[in-house]
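Have a look at the structure below before the remarks.
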Amino acid sequence: MVLEAVTCKHFGQTQHIKRYGTTCAGTQRYRCFDCGRTFVQTYTHKARDPLVKEQITQMVLNGAGIRDTARVLGVNRNTVSAQFKKNGAARAVVKWFMSTPCTSVEA
């Protein structure tokens with residue numbers, strides 16, 4: 040029998056983690072008592088994974104388009120768009136465009 044340490048996806052700790060029931064699909068759910076959040080080891084949908092959500096934000100802020108980001112990460116483009124709006128990344132991009140001076144205009 041192999042025991043694997045469960046690490047909190049949000050807090051990064053391996054201590055103070057307890058089993059916390061199961062999901063409707065039967066996957067074991069855990070709760071971190073340091074940050075109070077619940078999580079599962081492997082997500083059934085990629086879009087639920089906090090790491091994928093962070094990658095969505097980083098890719099869009101670095102200039103990748105919504106469809107390109109969706110294709111690379113293997114998630115739906117509507118998911119990318121919703122995450123982009125939810126994180127406030129859209130406001131950051133608009134603020135950057137508004138603060139960048141326009142030096143020349145081509146006809």
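Quick note on numbering: the sequence shown equals residues 40 to 146 in my numbering.
Just so you know, even glycine gets a beta-carbon here, dropped at the ideal spot from N, CA and C.
Small disclaimer: the values here were computed from a predicted structure and weren't measured.
If you compare alpha carbons, which of the options is closest to residue i?
| i | options | result |
| --- | --- | --- |
| R58 | G51, G102, V45, H84 | V45 |
| F50 | R70, S143, T142 | R70 |
| N115 | V91, N126, T66, M137 | V91 |
| A64 | C74, T83, T53 | T83 |
| R106 | V119, T77, Q97, H55 | V119 |
| T66 | F72, D73, L112, F78 | F78 |
| K125 | N101, I95, S138 | I95 |
| F72 | I56, E145, L100, T62 | I56 |
Assign residue i to buried or exposed, taking buried as 16 or more other Cβ atoms, counted over all protein chains shown, within 10 Å of its Cβ.
| i | result |
| --- | --- |
| K122 | Before going on, a small fix: residue 122 reads as Gln here, not Lys. With 16 or more other Cβ atoms within 10 Å, it is buried. |
| V99 | buried |
| T142 | exposed |
Which whole-angstrom value is the C-beta distance of residue i and residue j, which I expect to be below 8 Å?
| i | j | result |
| --- | --- | --- |
| K134 | P89 | 25 Å between Cβ atoms; not a contact. |
| R68 | G75 | The Cβ separation is near 14 Å, so there is no contact. |
| G113 | K85 | 6 Å |
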